[in-house]
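Position in the sequence shown (from 1) plus 33 gives the number in our numbering.
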Amino acid sequence: MSDAKKVKAAERKAAREAAEDAAAREDLERVYAHIVSRAPEHDVSPTIDRVARLLELLGDPQRSFRAIHLTGTNGKSSTARMAERLVREHGLRTGLFTSPHLTSVTERICVDGEPLSAARFVEVWEDVHPYVQVVDAELEESGQSRLNFFEVLTGLAFAAFADAPVDVAVLEVGMGGTWDTTNTVDAEVAVVTPVSVDHEKWLGSTPARIAEVKSGIIKAGATAVVAEQLAEVDEVLAERAATVGARLLREGMELDVADRQIAVGGQMVALRTPLATYTDVFVPLHGAHQAHNALLALTAVEQMLGGRALDGGVVEASFADVTVPGRLELVRSSPTVLVDAAHNPHGAEALVAALGEAFSLRSVVGVVGVMADKDAEGLLAALEPALSHVVLTRNSSERSADPFAVAETAREIFGEDRVHTAERLDSALQLATDLAEVDDVVGVGTGTGVVVTGSVITVADARVLLGRG
Numbered sequence: 034m035s036d037a038k039k040v041k042a043a044e045r046k047a048a049r050e051a052a053e054d055a056a057a058r059e060d061l062e063r064v065y066a067h068i069v070s071r072a073p074e075h076d077v078s079p080t081i082d083r084v085a086r087l088l089e090l091l092g093d094p095q096r097s098f099r100a101i102h103l104t105g106t107n108g109k110s111s112t113a114r115m116a117e118r119l120v121r122e123h124g125l126r127t128g129l130f131t132s133p134h135l136t137s138v139t140e141r142i143c144v145d146g147e148p149l150s151a152a153r154f155v156e157v158w159e160d161v162h163p164y165v166q167v168v169d170a171e172l173e174e175s176g177q178s179r180l181n182f183f184e185v186l187t188g189l190a191f192a193a194f195a196d197a198p199v200d201v202a203v204l205e206v207g208m209g210g211t212w213d214t215t216n217t218v219d220a221e222v223a224v225v226t227p228v229s230v231d232h233e234k235w236l237g238s239t240p241a242r243i244a245e246v247k248s249g250i251i252k253a254g255a256t257a258v259v260a261e262q263l264a265e266v267d268e269v270l271a272e273r274a275a276t277v278g279a280r281l282l283r284e285g286m287e288l289d290v291a292d293r294q295i296a297v298g299g300q301m302v303a304l305r306t307p308l309a310t311y312t313d314v315f316v317p318l319h320g321a322h323q324a325h326n327a328l329l330a331l332t333a334v335e336q337m338l339g340g341r342a343l344d345g346g347v348v349e350a351s352f353a354d355v356t357v358p359g360r361l362e363l364v365r366s367s368p369t370v371l372v373d374a375a376h377n378p379h380g381a382e383a384l385v386a387a388l389g390e391a392f393s394l395r396s397v398v399g400v401v402g403v404m405a406d407k408d409a410e411g412l413l414a415a416l417e418p419a420l421s422h423v424v425l426t427r428n429s430s431e432r433s434a435d436p437f438a439v440a441e442t443a444r445e446i447f448g449e450d451r452v453h454t455a456e457r458l459d460s461a462l463q464l465a466t467d468l469a470e471v472d473d474v475v476g477v478g479t480g481t482g483v484v485v486t487g488s489v490i491t492v493a494d495a496r497v498l499l500g501r502g
């Protein structure tokens, strides 16, 4: 074949693949529109019986792989990503199920570190949909609502993992633990990141009550890897482990962050687990909380892989390759623009601490869009010491709080002159940039910055506006 013919053939192939990709994306939009038309993931049914019925019809795919199961209030997604990356570095096929997503629903279901393609997501849906219809009919006949968004998505994830097939799945709960849809899995290793008050409507209003719900992922004979917790939470988790005969490994006792030094692009850490101490491990994420997340991930994977120390080079290679979009992520320079998915006071405190140590910014303007059911006052109070101004706005969710109402609370915390409002996020970003430039005494876009936070949805919207979606 001549060079000209080869070029023509390559062009035809590229055009055909582009057309196929466009068609797959259209199909994905159609499927997603159907799934999202169901009751949303925050409208939970406190039972796993409904999704268990779907999985039964699918042949119980959740029994085809081993699992690391994560709960907690903050840090679940980061810890899950680190654990998955470390398992994958050992040559095992991995599944990763996290929520929520930033840009596409396909991000929630990853195989071997990659989100399902649009075409593959649609294929899995077409396989699962007939069984979803059966369960919907059964539920409606008994006077119940049809399967909700997260129940369907859990079925899709487990079916995709079984079909791959994966060796190990790393699963983040959607909410809580005991009655979360992911708790249809009997995981060998449970991870509990720091527990604080969030989702009070569903989980309870005290850390101890919330811990009771979250402790349900700790199964008989399993190992539970637990972050440093409030005393009342520790007590609940210890009681659960004793009741079901699980082994408890606690930060501050059997494991700890032995050392941590700030480094360019992240931090160098030394991590002590029950089996070894790993030194000079680079974690390309900012903040002390990410070092503690790395510790939990490392300990969990040690336990999953037979309760043995891991090769230090493998650990270093894995963690150096970790990415966690939307977690203190730099999305623009001059001025510096960061996005962080902190959505509760505990997350905001971690954000403020990380900002102070990782970025040399004299002045930071916050763009904050929160959900109406969140503790806006607590989040703003935690952010206040780090921000010169705050711009309240809304995100694309119908659950987004009214920024003008939130501003009334903010003025009590920041004072009148430091609080601004913008109905739209793009306007809020422009206003925040203008305010940052006013504070830029040097005039070259350094030393000042903008941080967008308050909700995963706000961060997702901002990433799209800034060309990262």
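In this text, a Cβ means the ideal position worked out from N, Cα and C, and glycines have one as well.
Buried versus exposed call for residue i [16 or more other C-beta atoms within 10 Å across all chains shown]
{"i": "Asp267", "result": "buried"}
{"i": "Phe98", "result": "buried"}
{"i": "His516", "result": "Residue 516 cannot be examined here, being either before or after the span of the chain that is shown, 34 to 502."}
{"i": "Val484", "result": "buried"}
{"i": "Ala391", "result": "buried"}
{"i": "Gly207", "result": "buried"}
{"i": "Ile251", "result": "buried"}
{"i": "Gly487", "result": "buried"}
{"i": "Ile81", "result": "buried"}
{"i": "Ser351", "result": "buried"}
{"i": "Arg83", "result": "buried"}
{"i": "Ala275", "result": "exposed"}
{"i": "Ala55", "result": "exposed"}
{"i": "Val477", "result": "Unreliable positioning characterises Val477 in this predicted model, as indicated by a pLDDT of 47, which lies under 50. The coordinate reading is nonetheless provided below. That one is exposed."}
Whole-angstrom C-beta distance between residue j and residue i, which should lie under 8 Å
{"i": "Phe183", "j": "Thr217", "result": "Actually they are not in contact, since the Cβ atoms of Phe183 and Thr217 sit about 12 Å apart, beyond 8 Å."}
{"i": "Leu149", "j": "Ala493", "result": "Contact flag wrong, Cβ pair sits at about 18 Å."}
{"i": "Tyr164", "j": "Leu91", "result": "6 Å"}
{"i": "Val355", "j": "Leu328", "result": "Incorrect: roughly 13 Å between the Cβ atoms, too far for contact."}
{"i": "Val403", "j": "Ala409", "result": "5 Å"}
{"i": "Gly108", "j": "His322", "result": "6 Å"}
{"i": "Glu171", "j": "Pro227", "result": "At roughly 39 Å, the Cβ-Cβ gap does not stay under 8 Å, so Glu171 and Pro227 are not in contact."}
{"i": "Arg126", "j": "Asp60", "result": "That belief does not hold up - the Cβ atoms of Arg126 and Asp60 are roughly 26 Å apart, past 8 Å."}
Three-state class that DSSP yields for residue i in the structure shown
{"i": "Met115", "result": "helix"}
{"i": "Ala327", "result": "helix"}
{"i": "Ser430", "result": "coil"}
{"i": "Met337", "result": "helix"}
{"i": "Ala296", "result": "strand"}
{"i": "Gly254", "result": "coil"}
{"i": "Arg444", "result": "helix"}
{"i": "Ile81", "result": "coil"}
{"i": "Glu147", "result": "strand"}
{"i": "Ser396", "result": "strand"}
Contacts around residue i, its chain only, beta-carbon distance under 7 Å, and the 5 residues preceding and following it disregarded
{"i": "Thr211", "result": "Val246, Gly249"}
{"i": "Leu288", "result": "Leu282, Arg305, Thr306, Pro307, Leu328, Thr332"}
{"i": "Leu338", "result": "His123"}
{"i": "Ala443", "result": "Leu413, Val423, Leu425, Val452"}
{"i": "Gly299", "result": "Phe315, Val316, Pro317, Leu318, His319"}
{"i": "Val69", "result": "Phe182"}
{"i": "Glu173", "result": "Arg179"}
{"i": "Pro358", "result": "Leu135"}
{"i": "Pro133", "result": "Val489"}
{"i": "Glu272", "result": "none"}
Contacts around residue i, its chain only, beta-carbon distance under 8 Å, and the 5 residues preceding and following it disregarded
{"i": "Leu363", "result": "Thr369, Val370, Leu371"}
{"i": "Val277", "result": "Ile251, Lys252, Ala253, Gly254, Ala255"}
Cβ-based neighbour list, residue i, same chain, cut-off 6 Å, excluding 5 preceding and 5 following
{"i": "Val203", "result": "Ile101, Ala113, Ala116, Glu117, Leu129"}
{"i": "Thr139", "result": "Pro148, Leu149, Phe154"}
{"i": "Arg395", "result": "Gly480"}
{"i": "Ser430", "result": "Ile490"}
{"i": "Leu384", "result": "Asp373, Ala375"}
{"i": "Ala353", "result": "Phe315"}
{"i": "Pro436", "result": "Leu425, Thr426, Arg427, Thr454"}
Chain B contact for residue i (CB, 8 Å cutoff)
{"i": "Ser97", "result": "No chain B appears in this structure, which consists of one protein chain only."}
- Query: Do the stretch 117-135 and the stretch 167-178 make contact, defined as three or more Cβ pairs closer than 8 Å?
  - Reply: Note that the stretch 117-135 does not touch the stretch 167-178; fewer than 3 beta-carbon pairs, one per stretch, sit closer than 8 Å.
- Task: May I ask you to verify whether the stretch 445-459 touches the stretch 337-346, counting CB pairs closer than 8 Å and requiring at least 3?
- Result: Judged by pairs of C-beta atoms under 8 Å, the stretch 445-459 does not touch the stretch 337-346, as fewer than three such pairs exist.
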